[in-house]
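S.K.: I am attaching a structure below and will ask some questions about it afterwards.
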Amino acid sequence: MHPEIPKLLQLQERDQRIRALQKDLKDVPRHEMAAKTKLAGDTAAVDAATLKVKEIEVKIKGVELDIQTRQNTIKRLGDQQFETRKNDEFQALGVEIKRYEADVRALEDKEIEHMEELEAARAVLKEAQGLLAATQGRVNEELKALAERADGLKRRLAEVEAERAGLAAPIDKTALDLYTRIFAKKGDAGVSPLENGICGGCHMKVVSGTIQAARGGDILAQCDSCGRILYLVE
Ligand SMILES: [Zn+2]
Numbered sequence: 010m011h012p013e014i015p016k017l018l019q020l021q022e023r024d025q026r027i028r029a030l031q032k033d034l035k036d037v038p039r040h041e042m043a044a045k046t047k048l049a050g051d052t053a054a055v056d057a058a059t060l061k062v063k064e065i066e067v068k069i070k071g072v073e074l075d076i077q078t079r080q081n082t083i084k085r086l087g088d089q090q091f092e093t094r095k096n097d098e099f100q101a102l103g104v105e106i107k108r109y110e111a112d113v114r115a116l117e118d119k120e121i122e123h124m125e126e127l128e129a130a131r132a133v134l135k136e137a138q139g140l141l142a143a144t145q146g147r148v149n150e151e152l153k154a155l156a157e158r159a160d161g162l163k164r165r166l167a168e169v170e171a172e173r174a175g176l177a178a179p180i181d182k183t184a185l186d187l188y189t190r191i192f193a194k195k196g197d198a199g200v201s202p203l204e205n206g207i208c209g210g211c212h213m214k215v216v217s218g219t220i221q222a223a224r225g226g227d228i229l230a231q232c233d234s235c236g237r238i239l240y241l242v243e
């Protein structure tokens with residue numbers, strides 16, 4: 010076996026852990042987004058319920074204004090009626106007043122209807138707000154846990170990277186460069202076992218010369234198919 014192989018295997022173990030930690034760290038923002046989207050439905054329900062309440066409040070204000078206008082008219086007609094001395098005018102004003110009074114009663118009925126709608130809409134809003142608050146609580150917990158997870162991952166990553174630097178330092182530069190290039194390209198391993206003539210990295214058969222080279226240990230034997238550095242397992 011080539012003398013750098015055991016050192017490269019130790020290094021590779023750290024590189025694989027670094028890669029896994031980096032992948033987990035990269036997944037954190039995606040999990041955060043997923044957590045936050047859970048709020049979207051509940052927020053939309055609160056917005057819709059709030060809008061409904063406001064619409065009804067505006068309708069009630071409109072009806073109240075209509076009632077006020079008619080009551081002012083009734084008052085004015087009453088004053089006119091009080092002042093007039095003509096009997097027919099008195100009668101005509103009386104009819105007018107009755108018509109406006111009927112209007113007011115109809116408007117008051119409508120106002121009661123709107124008040125009932127408002128009460129129902131406020132109940133819907135309160136329920137939607139309760140659901141949103143509950144979801145927000147769960148999402149906050151999730152986000153907190155994710156932030157703690159990210160911190161833990163960063164700490165472990167820094168530790169493993171420091172270990173890696175320590176392990177890489179004594180390795181022969183040519184061997185280290187070759188390994189580093191292959192690991193970066195393959196993503197999973199730069200050094201693989203050679204067992205029963207099969208490369209453990211790509212699972213292809215290697216030629217006998219490669220097996221001999223791996224056994225000899227003078228040079229770093231590489232897989233004929235994938236290029237990974239091979240060490241013989243017999
Ligand atoms: Zn291979």
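Counted the way the working numbering counts, the sequence shown spans residues 10 to 243.
For every residue, glycine included, the Cβ atom is placed at its ideal position computed from N, Cα and C.
Buried or exposed: where does Gly199 fall if 16 or more other Cβ atoms within 10 Å of its Cβ makes it buried?
M.R.: Position 190 of the sequence shown holds residue 199. Label assigned to Gly199: buried.
S.K.: Short of 8 Å in beta carbon distance, which residues of its chain neighbour Ile69, apart from the five on each side in sequence? Order them along the chain.
M.R.: One-based indexing of the sequence shown puts residue 69 at position 60. Cβ neighbours of Ile69 beyond the five flanking positions: Glu120, His123, Met124 and Leu127.
S.K.: Can you list, in chain order, the residues of its chain whose CB lies under 7 Å from that of Arg165, leaving out five sequence neighbours each side?
M.R.: Locating residue 165 in the sequence shown gives position 156, counting from the first residue. For Arg165, where only same-chain residues beyond five positions count, the Cβ hits under 7 Å are Leu30.
S.K.: Per DSSP, Lys119 forms a beta bridge with which residues?
M.R.: In the sequence shown, residue 119 corresponds to position 110, counting from 1. In DSSP, Lys119 forms no bridge with anything.
S.K.: Find the nearest neighbour of Leu18 within the set Ala142, Leu176, Leu152 and Asp51, judged by alpha-carbon distance.
M.R.: Your numbering for residue 18 matches position 9 in the sequence shown. Per the Cα distances, Leu176.
S.K.: Which two residues bound the contiguous beta strand (DSSP E) that contains Ala242?
M.R.: Against the sequence shown, residue 242 aligns to sequence position 233. Residue 242 is actually Val in this sequence, not Ala. Taken as a continuous stretch (DSSP letters only), the beta strand (DSSP E) holding Val242 covers Ile238 to Val242.
S.K.: Comparing C-alpha positions only, which one of Met213, Asp118 and Val242 sits nearest to Cys232?
M.R.: Translated into the one-based positions of the sequence shown, residue 232 becomes position 223. Nearest Cα to Cys232 within the set Met213, Asp118 and Val242: Met213.
S.K.: What residue does the alpha helix (DSSP H) around Glu41 start on, and which one ends it?
M.R.: Taking the first residue of the sequence shown as position 1, residue 41 is located at position 32. Its alpha helix (DSSP H) spans residues Ile14 to Glu92.
S.K.: Mind checking whether Ile76 and Glu110 have CB atoms under 8 Å apart?
M.R.: Taking the first residue of the sequence shown as 1, we reach residue 76 at position 67. Taking the first residue of the sequence shown as 1, we reach residue 110 at position 101. Contact: no.
S.K.: With DSSP run on the structure shown, which of helix, strand or coil describes Lys135?
M.R.: In the sequence shown, counting from the first residue as 1, residue 135 sits at position 126. DSSP places Lys135 in helix when its eight states are reduced to three.
S.K.: Give a yes or no on whether the C-beta atoms belonging to Arg173 and Asp24 are separated by under 8 Å.
M.R.: Taking the sequence shown and counting its residues from 1, one reaches residue 173 at position 164. Taking the sequence shown and counting its residues from 1, one reaches residue 24 at position 15. Yes. Within cutoff.
S.K.: Ser201 lies in the beta strand (DSSP E); which residues open and close that run?
M.R.: For the purposes of this step, residue 201 is identified with residue 192 of the sequence shown, where counting begins at 1. Val200 to Glu204 is the span of the beta strand (DSSP E), which, as asked, contains Ser201.
S.K.: Please state whether the Cβ-Cβ distance between Ser217 and Cys208 is less than 8 Å.
M.R.: Taking the sequence shown and counting its residues from 1, one reaches residue 217 at position 208. Taking the sequence shown and counting its residues from 1, one reaches residue 208 at position 199. Contact: no.
S.K.: Am I right that Asp51 and Leu141 are in contact with their C-beta atoms under 8 Å? What's the rounded C-beta distance?
M.R.: Here residue 51 is taken as the residue at index 42 of the sequence shown, counted from 1. Here residue 141 is taken as the residue at index 132 of the sequence shown, counted from 1. Confirmed, Cβ separation roughly 4 Å.
S.K.: Assuming Ile228 and Lys16 make a contact with CB atoms under 8 Å, what is their CB distance in whole Å?
M.R.: The count along the sequence shown starts at 1 and reaches residue 228 at position 219. The count along the sequence shown starts at 1 and reaches residue 16 at position 7. With 8 Å as the limit, Ile228 and Lys16 do not qualify as a contact, their Cβ atoms being about 16 Å apart.
S.K.: Pick out whichever of Val72, Lys47, Lys35 and Val55 has its Cα sitting closest to the Cα of Glu117.
M.R.: To locate residue 117, count along the sequence shown from 1; it is residue 108. When each option's Cα is compared against that of Glu117, the closest is Val72.
S.K.: Relative to ligand 1, is the shortest distance from any of its heavy atoms to the C-beta of Arg190 smaller than 7 Å?
M.R.: Along the sequence shown, read from residue 1 onward, the residue named residue 190 stands at position 181. Arg190: no, Cβ never under 7 Å from ligand 1.
S.K.: Compare the C-alpha of Ala223 against each of Tyr240, Ala43, Cys211 and Thr183 and name the closest.
M.R.: Here the question's residue 223 lines up with position 214 in the sequence shown. Minimum Cα distance to Ala223 is reached at Tyr240.
S.K.: Return the first residue and the last residue of the alpha helix (DSSP H) that Ala222 is part of.
M.R.: Within the sequence shown, numbered from 1, the residue matching residue 222 stands at position 213. Unbroken alpha helix (DSSP H) run through Ala222: Ser217 to Gly225.
S.K.: Could you please go through the chain and list the residues whose beta-carbon is closer than 6 Å to any non-hydrogen atom of ligand 1?
M.R.: Cys208, Gly210, Cys211, Met213, Cys232, Ser234, Cys235 and Arg237
S.K.: Ile246 and Ile191: beta carbons closer than 8 Å?
M.R.: For residue 246 there is no data in the structure shown, the boundaries of the chain being 10 and 243.
S.K.: Can you have a look at Ala129 and say buried or exposed, based on whether 16 or more other CB atoms are within 10 angstroms of its CB?
M.R.: Indexing the sequence shown from 1 puts residue 129 at position 120. Its Cβ having fewer than 16 others within 10 Å, Ala129 is exposed.
S.K.: Between which two residues does the alpha helix (DSSP H) holding Lys195 run?
M.R.: Here residue 195 refers to the residue found at position 186 when the sequence shown is read from its first residue. Lys182 to Lys195 is the span of the alpha helix (DSSP H), which, as asked, contains Lys195.
S.K.: Going by DSSP in three states, Ile106 sits in which element: helix, strand or coil?
M.R.: The residue given as residue 106 occupies position 97 in the sequence shown. Looking at Ile106 - three-state DSSP - the assignment turns out to be helix.
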